[in-house]
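Trainee:
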Amino acid sequence: MSSQKKKNKVFIEGAINPAFIADSIAKHSSKTSIGAHTIFLGQVRNDMNDGKTVQAIEYSAYNEMAENEFHKIREAAFAQYELTCMHIYHSLGKVRAGEISMFVFVSSKHRNDAFIACREIIEQIKANVPIWGKEIFDDDTYVWKQNNS
Amino acid sequence: MKIKVIAFGCLTDILGKDMMELEDVSNTDLLKSKLYAKYPDLKRRKYKIAVNQQIISEDISLDENSEVVLLPPFAGG
Chain A
3 MSSQKKKNKV FIEGAINPAF IADSIAKHSS KTSIGAHTIF LGQVRNDMND
53 GKTVQAIEYS AYNEMAENEF HKIREAAFAQ YELTCMHIYH SLGKVRAGEI
103 SMFVFVSSKH RNDAFIACRE IIEQIKANVP IWGKEIFDDD TYVWKQNNS
Chain B
14 MKIKVIAFGC LTDILGKDMM ELEDVSNTDL LKSKLYAKYP DLKRRKYKIA
64 VNQQIISEDI SLDENSEVVL LPPFAGG
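Those sequence lines, one after another, are chains A and B.
Residues 3 to 151 (the numbering used here) make up the first sequence, in order.
Residues 14 to 90 (the numbering used here) make up the second sequence, in order.
#1: So, do the stretch 126-135 of chain A and the stretch 56-70 of chain A have three or more beta carbon pairs nearer to each other than 8 angstroms?
#2: Alpha carbon to alpha carbon, how far is LEU24(B) from ASP54(B)?
#3: Using a Cβ cut-off of 8 angstroms (strictly closer), state whether LYS8(A) contacts chain B.
#4: Looking only at its chain, what residues have a beta carbon closer than 8 angstroms to the beta carbon of ASP49(A), apart from the 5 residues adjacent to it on each side?
#5: Helix, strand or coil: which one does DSSP assign to ALA32(A)?
#6: Report the option in THR41(B), TYR49(B), SER46(B) whose CA atom is closest to the CA atom of GLU77(B).
#7: Which of the three DSSP states is assigned to ARG98(A) in this structure?
#8: Considering only C-alpha positions, which residue in the set ILE27(B), GLY22(B), LYS17(B) is nearest to MET33(B)?
#9: With a floor of 4 residues, list each alpha helix (DSSP H) that falls wholly inside the stretch 35-69 of chain B, ordered by position along the chain.
#10: Which residue or residues does DSSP assign as beta-bridge partners of PHE105(A)?
#11: Alpha carbon to alpha carbon, what distance is there between SER35(A) and LYS61(B)?
#12: Hey, SER26(A) and PHE107(A): beta-carbon distance below 8 angstroms or not?
#13: So, is THR40(A) buried or exposed, given that buried needs 16 or more other C-beta atoms within 10 angstroms?
#14: Give me, in chain order, the residues of the same chain whose beta-carbon lies closer than 8 angstroms to that of ILE75(A); leave out the 5 immediate sequence neighbours on both sides.
#15: Check the Cβ of LEU84(B) against every Cβ in chain A and list those closer than 8 angstroms, keeping chain order.
#16: Do you know how far the Cα of ASN70(A) is from the Cα of ILE118(A)?
#17: Thinking LEU35(B) and LYS47(B) are a contact (beta carbons under 8 angstroms), I'd like their distance in whole angstroms, please.
#18: Here's a check: name, in chain order, each residue in its chain whose Cβ is nearer than 6 angstroms to the Cβ of GLU80(B), leaving out the five neighbours to either side.
#19: Are the C-beta atoms of ILE36(A) and some chain B residue less than 8 angstroms apart?
#20: Can you grab the Cα-Cα spacing for the pair LEU43(B) / LYS59(B), in whole Å?
#21: I want to verify the contact list: residues of chain B whose CB lies under 8 angstroms from the CB of HIS89(A), in sequence order.
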């Protein structure tokens with residue numbers, strides 16, 4: 003079972019399409035033991051730096067290690083919380099300001115576990131998964147994205 | 014013995030590339046001193062070293078099958 007879970011594909015090339023998110027929600031209608039979904043969406047922000055505006059973030063990852071870390075986060079969440087299912091998606095490559103780059107979808111019988119687990123999963127992703135982002139400005143210069151704790 | 018070293022994120026700017034091969038590096042301390050000699054800016058950067066996908070905290074020995082990766086602070090999300 004855990005080897006099957008490991009095959010879950012997390013990385014998506016480019017932005018995450020809102021229609022894909024809607025589809026993911028619709029697919030859960032057959033799982034009638036679920037009473038609560040928590041969804042977190044990370045959106046690329048048009049930060050200002052030195053008078054320049056971020057147009058896009060170009061994400062890269064150390065894929066093999068990232069897949070392993072996602073798997074560990076997933077296993078830990080299932081062990082710790084009462085979850086029916088969970089899905090994590092993260093963009094690779096270029097995502098423009100205003101587009102979605104991360105989609106975390108946690109489902110449980112009740113809201114409490116769904117809320118807490120979702121928050122915990124996001125914090126774990128930010129802390130432990132080897133992903134980087136190049137913030138590209140309107141003049142094609144860039145800085146490397148830094149996460150706030 | 015050749016070791017393949019892969020870099021990510023801001024470290025690719027310092028190294029000028031994302032992959033290189035280094036000769037005669039039998040452990041990670043030696044690897045670091047060779048890298049610092051060639052890329053002094055690297056010394057001031059915060060980063061971790063992963064060997065075969067495990068982040069290391071002390072010197073370990075390397076062989077030619079070791080996958081050595083330089084990881085600057087993560088920035089997912």
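We put the beta carbon where it would ideally sit given N, CA and C, even for glycine.
Mentor: Considering the structure as presented:
#1: yes
#2: Numbered from 1 along the second sequence, position 11 holds the residue referred to as residue 24(B). Numbered from 1 along the second sequence, position 41 holds the residue referred to as residue 54(B). Spanning the two alpha carbons is a distance of roughly 10 angstroms.
#3: One-based indexing of the first sequence puts residue 8(A) at position 6. Reliability of the predicted coordinates at LYS8(A) is poor, the pLDDT of 48 falling under 50, and no value is obtained from them.
#4: Start at 1 with the first residue of the first sequence, and residue 49(A) comes out as number 47. Within the same chain, ASP49(A) has close Cβ partners THR55, VAL56, GLU137.
#5: Along the first sequence, one-based indexing puts residue 32(A) at 30. In the sequence as presented, Ala is not what sits at residue 32(A); that position holds Ser. In this structure, SER32(A) counts as helix in the three-state DSSP scheme.
#6: As a working note, residue 77(B) is residue 64 in the second sequence. GLU77(B) has its Cα closest to that of THR41(B), out of THR41(B), TYR49(B), SER46(B).
#7: For the purposes of this step, residue 98(A) is taken as the residue at position 96 of the first sequence. Residue state, collapsed to three classes: strand.
#8: Here residue 33(B) refers to the residue found at position 20 of the second sequence. The candidate whose alpha carbon is nearest that of MET33(B) is LYS17(B).
#9: 41-51
#10: Looking up residue 105(A) in the first sequence gives position 103. PHE105(A) is bridged to LEU43(A), TYR91(A).
#11: Here residue 61(B) refers to the residue found at position 48 of the second sequence. Here residue 35(A) refers to the residue found at position 33 of the first sequence. Taking the straight line from one Cα to the other gives about 43 angstroms.
#12: Numbered from 1 along the first sequence, position 24 holds the residue referred to as residue 26(A). Numbered from 1 along the first sequence, position 105 holds the residue referred to as residue 107(A). Yes, the pair counts as a contact, with Cβ atoms nearer than the cut-off.
#13: Counting from one through the first sequence, the residue named residue 40(A) turns up at place 38. It is buried - the Cβ of THR40(A) has at least 16 other Cβ atoms within 10 Å.
#14: Here residue 75(A) is taken as the residue at index 73 of the first sequence, counted from 1. If we look at ILE75(A) and ignore the five residues flanking it on each side, its Cβ neighbours are ILE90, ILE123, GLN126, ILE127, ASN130, VAL131.
#15: Walking along the second sequence from the start, residue 84(B) turns up at place 71. Under the 8 angstroms cutoff, chain A gives TYR64, PRO132.
#16: Position 116 of the first sequence holds residue 118(A). Position 68 of the first sequence holds residue 70(A). Roughly 22 angstroms between the two C-alpha positions.
#17: As a position in the second sequence, residue 35(B) is number 22, starting the count at 1. As a position in the second sequence, residue 47(B) is number 34, starting the count at 1. Their Cβ separation, rounded to whole angstroms, is 6 angstroms, which keeps LEU35(B) and LYS47(B) in contact under 8 angstroms.
#18: Taking the first residue of the second sequence as 1, we reach residue 80(B) at position 67. Excluding residues within five positions, the ones whose Cβ falls inside 6 angstroms are ASN65.
#19: For the purposes of this step, residue 36(A) is taken as the residue at position 34 of the first sequence. Chain B contact via Cβ: absent.
#20: In the second sequence, counting from the first residue as 1, residue 43(B) sits at position 30. In the second sequence, counting from the first residue as 1, residue 59(B) sits at position 46. The alpha-carbon atoms of LEU43(B) and LYS59(B) are separated by roughly 18 angstroms.
#21: Your numbering for residue 89(A) matches position 87 in the first sequence. In chain order: nothing, as chain B lies at least about 16 angstroms away.
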